[in-house]
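Have a look at the structure below, then the notes.
There are 2 protein chains.
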Amino acid sequence: MREHVTPERRRGTVRDLRRDNRSVLLWSLYFDQPSTRQELSRTTGLSPASVSNVVRELIDEDIVSEAGAVDSDGGRPRVLLRINQDHGYVIGVDVGETRVRVELFDLAMTERARADYPLDPREHGVTTIVDRILEGLSAVLADAGVGPSAILGVGIGVPGVVEQGDEVIVHGQTYGWDAVPLGRLLRAGTDLPLHIDNGAKTMGRAEMWFGAGRGAQHAVVCLIGSGVGASVIAHGRTHRGSTSSAGEWGHTTIMVGGRECRCGAQGCLEAYVGAEAILDRYTGALPGQDEESALAALLDAAAGGAGEAESVLEETALYLGVGLADLINLFNPERIILGGWAGLLLGERLLPRIRDAARRHALRHAFSETSIELGRLGPEAVALGAATLPIELFLNGETLLPVERRRSAG
Amino acid sequence: MREHVTPERRRGTVRDLRRDNRSVLLWSLYFDQPSTRQELSRTTGLSPASVSNVVRELIDEDIVSEAGAVDSDGGRPRVLLRINQDHGYVIGVDVGETRVRVELFDLAMTERARADYPLDPREHGVTTIVDRILEGLSAVLADAGVGPSAILGVGIGVPGVVEQGDEVIVHGQTYGWDAVPLGRLLRAGTDLPLHIDNGAKTMGRAEMWFGAGRGAQHAVVCLIGSGVGASVIAHGRTHRGSTSSAGEWGHTTIMVGGRECRCGAQGCLEAYVGAEAILDRYTGALPGQDEESALAALLDAAAGGAGEAESVLEETALYLGVGLADLINLFNPERIILGGWAGLLLGERLLPRIRDAARRHALRHAFSETSIELGRLGPEAVALGAATLPIELFLNGETLLPVERRRSAG
DNA sequence: AGACCTTATTTAATGACGTGATTTAACCTC
DNA sequence: GAGGTTAAATCACGTCATTAAATAAGGTCT
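If you're matching them up, the sequences are chains B and V in order.
Going letter by letter, the first sequence gives residues 311 to 720 in the numbering used here.
Going letter by letter, the second sequence gives residues 311 to 720 in the numbering used here.
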């Protein structure tokens, strides 16, 4: 990743100061469009004169446009400013268990093109995935009629642990990937700036930017699907830890000596509340071929009064609540967001019971400061969140121009 | 706390830039004394000219002194710089379960005076504690012959959750304190700038600044005494969460439906590895009046081959390892430091077994990136760590002068 | 001892920046 | 269209970090 950030982000000269001020202004404008110079002066704390200067610069660079004015009541009207959504584009890639999806967005995160590639459930080979991604990149570029030089960057959400560094390495424990240098493999097929991250983390970004997490500084986004992951946000930024593998909530132990988990340990949370585990604990028959319809059927059975289904779900709510309580105690977030396809299904029916179990297992004070909510973006948001990775660099003024890219690639 | 920080730390003008640069220079010098202008230029990334300017300013303010020079091999010798350790003093307070300790340090963290007040085990009344603290402040000032105006600030480590805000509130679940406005109560008796924080967190600071955590950016310091706490450091800074109660590791659930914990929940880690809980699980007789000697006796019994003692400890190592694995999975630290009097006792004998249990319950990748070590400062470091709170503000250039203090107090 | 070399630090000149004060612009009401 | 009002741009100023040049402070060599 580093390779696409200007080397050694400095912070000490007057020019760095300008870059930073420009950046806070862009962030402010991005999340509160349209806005006026006045308002930006208030929200950024910069003087009106500085806002004027920076905005002129941004307009000259075709990043910001003036767009109308607000009605005045006796004075010069305030001019509305907005980010030019066609100044550049970003691409988000969702590498899931069942498909690869590639989406192209403009700066306003409006989808401009999409490509979908279903995966054979047993076909997770690295080269297959790499080919699909590269294919998808060309497809969405062609489809949207956008040239590569207009692309600010490509965000890629993948399952498994992503180790950031000079070379991005992906460890997909449950995916069959072992130390895959995904960045290098893709680089052979494209010059676009790549940003690879764990899918749960990109999903979390999406909820934080555009979903249930908006406005929160400290939050945890829980992703429950077949497996279980989480994205921890502290001070508005994803917590990565020393090698970017933080947030592996699913393999937290909630029952010493408990059920075997596919990670090899015993008593992991995932072995109780992951969709696969829930279905596994239920001995009755369930219709539906895939996990998604099976879990829905289980929920329906419980609603219909089926005893065992009911008790499996009751237990699930307890375990999930315990898992959330651990997050509350350790991270003291202001908000917990339950997402992922299974998380949303379960939350819809069990949220009160889950909340109650969390309350019983968390410290009073921390629990009372936390709200537990459902995600708002659905499980499709992985690509959207991945696309925010290059957006973030852009807003920070860290995006290289295509010319510079070529230089740094050589 | 806010009240003693200049209101609204800005970041946008050239003057802020200077404050920041001055701050990075001070931090660098503080942890690498003595140093030279050259070296500081390298470590801070500032130009030699800027270092010269800032250093001259610091010398004029009597914060830094020149102290000798390094031998040269043919050129002008480099002048050694060090922080003037008598430029100001800080006070650290440790409010423990059995005593209140107040220590006065100079800027080099050399202890200059100390006052100890044992507490009656059942005498945790707020007014008693407040009186002891105030008494201790006067005592160490008198003892060290230092006037209040030379004190940069007072750091106070207390048991329980400390809610930072305009008014500092202490919730001491196990201490019998309920929403105590400790800051306000102390303010009635002293004008000194106060910084209150959880004792586990201040202890963690001490290890990070001067102990086993030096140099780490991501670490967790575990404090095991009668109860269990932790201090999580991410990117070099203590993780506080939205209301500063993050890091309550002790009440993480490791066994759904397990042993009752004094917090009211079941299966908390503390109910298995806290000293009180360990002793409680052992049915044999143990000599010694206090927990400390009892635990030592239990360890000796096990070393002597006593079957039950051995199995209780074996179990303890397992549970503790599980607790550490949770931390590894969630935070992905580069280092875990085991501290607290019980943690040190247990670690001494059980560390290999604890490590092994952690390995079995953590994800491979994250575990392999983490080292698990014992604390180096002993359980006495709470006051030392608390005293680093005002030091931090000082290094950041956020300490008010006594004159300004009075203004802001009125 | 003195000429010369080497390295550290300071000084001087320069360019960039943010800000408050001052102008100018743009719209309203009467 | 004159006067009032608010927004935005411009100007003059002070601050800052940096580069290049100058100076300080010690060596070495003859």
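For glycine and all other residues, C-beta sits at the position ideal for the given N, C-alpha and C.
As the structure is a prediction and not an experimental result, all values here were calculated from the model.
Cross-chain neighbours of residue i in chain V, by beta carbon under 7 Å
{"i": "phenylalanine 641 of chain B", "result": "Gly551 and Ala556"}
{"i": "leucine 356 of chain B", "result": "Gly322"}
{"i": "histidine 481 of chain B", "result": "His675"}
{"i": "valine 632 of chain B", "result": "Thr563 and Val566"}
DSSP bridge partner residues for residue i (one or two, in chain order)
{"i": "tyrosine 427 of chain B", "result": "B:Val410"}
{"i": "glycine 574 of chain B", "result": "Paired residues: none, contrary to the question."}
{"i": "tryptophan 337 of chain B", "result": "Answer by DSSP bridge pairing: none, since tryptophan 337 of chain B is not bridged."}
{"i": "alanine 529 of chain B", "result": "B:Ile543 and B:Arg645"}
{"i": "serine 351 of chain V", "result": "None; serine 351 of chain V has no bridge partner."}
{"i": "glycine 482 of chain V", "result": "V:Trp487"}
{"i": "serine 345 of chain B", "result": "B:Leu391"}
{"i": "aspartate 507 of chain V", "result": "V:Gly467"}
{"i": "valine 538 of chain V", "result": "V:Ile534"}
{"i": "phenylalanine 415 of chain B", "result": "B:Val400 and B:Glu421"}
Chain B residues whose Cβ lies nearer than 7 Å to that of residue i
{"i": "methionine 565 of chain V", "result": "Met565 and Val566"}
{"i": "alanine 635 of chain V", "result": "Thr563"}
{"i": "asparagine 331 of chain V", "result": "Gly322"}
Cross-chain neighbours of residue i in chain V, by beta carbon under 8 Å
{"i": "glutamate 477 of chain B", "result": "Residues of chain V passing the Cβ test: none, with the nearest at roughly 15 Å."}
{"i": "leucine 628 of chain B", "result": "Val566"}
{"i": "alanine 544 of chain B", "result": "Ala544, His549 and Gly551"}
Selected residue, minimal CA-CA separation from residue i, among the options
{"i": "glutamine 576 of chain B", "options": "V:Leu687, V:Ala668 and V:Ile701", "result": "V:Ala668"}
{"i": "threonine 698 of chain B", "options": "B:Asn363, B:His505 and B:Gly614", "result": "B:His505"}
{"i": "glutamate 407 of chain V", "options": "V:Ile701, V:Glu601 and V:Val622", "result": "V:Glu601"}
{"i": "isoleucine 443 of chain B", "options": "B:Val403, B:Asp453 and B:Asp476", "result": "B:Val403"}
{"i": "isoleucine 466 of chain V", "options": "V:Ala606, V:Ala489 and V:Ile439", "result": "V:Ile439"}
{"i": "isoleucine 646 of chain V", "options": "V:Ala529, V:Ser382 and V:Thr626", "result": "V:Ala529"}
{"i": "glycine 493 of chain B", "options": "B:Gly525, B:Val464 and B:Gly486", "result": "B:Val464"}
{"i": "valine 412 of chain V", "options": "V:Asp396, V:Val450, V:Pro431 and V:Val436", "result": "V:Val450"}
{"i": "glutamate 683 of chain V", "options": "V:His675, V:Leu656 and V:Leu694", "result": "V:Leu656"}
{"i": "arginine 422 of chain B", "options": "B:Ile401, B:Thr437 and B:Glu473", "result": "B:Ile401"}
{"i": "threonine 437 of chain V", "options": "V:Asp330, V:Gly499 and V:Cys532", "result": "V:Gly499"}
{"i": "glycine 537 of chain V", "options": "V:Gly574, V:Leu495 and V:Val583", "result": "V:Val583"}
Where the beta strand (DSSP E) containing residue i begins and where it ends
{"i": "aspartate 404 of chain V", "result": "399 to 405"}
{"i": "glycine 465 of chain B", "result": "461 to 468"}
{"i": "alanine 379 of chain B", "result": "374 to 379"}
{"i": "arginine 645 of chain B", "result": "645 to 649"}
{"i": "leucine 579 of chain V", "result": "Unbroken run through leucine 579 of chain V: none, as it is neither H nor E."}
{"i": "valine 490 of chain B", "result": "487 to 490"}
Neighbour list for residue i in chain B, Cβ cutoff strictly below 9 Å
{"i": "glutamate 644 of chain V", "result": "Gly551, Ser552 and Thr553"}
{"i": "leucine 350 of chain V", "result": "Ordered by position in chain B, no residue passes the 9 Å Cβ test against leucine 350 of chain V, which lies about 13 Å from the chain."}
{"i": "leucine 327 of chain V", "result": "Arg321, Gly322, Thr323, Val324, Asp326 and Leu327"}
{"i": "asparagine 706 of chain V", "result": "None at all; the shortest Cβ gap to chain B is about 15 Å."}
Boundaries (first-last residue) of the alpha helix (DSSP H) holding residue i
{"i": "asparagine 639 of chain B", "result": "617 to 641"}
{"i": "isoleucine 443 of chain B", "result": "436 to 454"}
{"i": "asparagine 363 of chain V", "result": "358 to 370"}
{"i": "leucine 590 of chain B", "result": "In the sequence as displayed, the identity of residue 590 of chain B is aspartate instead of leucine. Unbroken alpha helix (DSSP H) run through aspartate 590 of chain B: 585 to 591."}
{"i": "isoleucine 701 of chain V", "result": "691 to 705"}
{"i": "leucine 608 of chain B", "result": "601 to 613"}
{"i": "serine 681 of chain V", "result": "Careful: serine 681 of chain V lies outside any alpha helix (DSSP H), inside the beta strand (DSSP E) at 681 to 684."}
{"i": "serine 678 of chain V", "result": "674 to 678"}
The ligand ADP heavy atom lying under 7 Å from the CB of residue i
{"i": "leucine 444 of chain B", "result": "What this structure holds is no ligand at all, so the ligand ADP is not there to describe."}
Legend entry - Within 7 Å of chain V by C-beta, residues of the region 664 to 682 of chain B in sequence order: Arg670, His671, Leu673, His675, Ala676 and Glu679
Legend entry - Against chain V: residues of the region 559 to 592 of chain B by CB proximity under 7 Å: Trp559, His561, Thr562, Thr563, Ile564, Met565, Val566, Cys573 and Ala575
Inset, instruction - With 9 Å as the limit, tell me which residues of the region 383 to 402 of chain V have their beta carbon closer than that to any beta carbon of chain B; keep them in chain order. - result: none
Inset, instruction - Pull out every residue of the region 589 to 623 of chain V whose Cβ sits closer than 8 Å to any Cβ of chain B, in chain order. - result: none
Inset, instruction - Below 7 Å between beta carbons is the criterion; list the residues of the region 515 to 539 of chain B that meet it against any residue of chain V, in chain order. - result: Against chain V - using a Cβ distance shorter than 7 Å - the residues of the region 515 to 539 of chain B are Gln527 and His528.
Legend entry - Within 8 Å of chain V by C-beta, residues of the region 437 to 450 of chain B in sequence order: none
Legend entry - Under 8 Å (Cβ pairs) to chain V, residues found in the region 462 to 473 of chain B: So the close ones are Val471 and Glu473.
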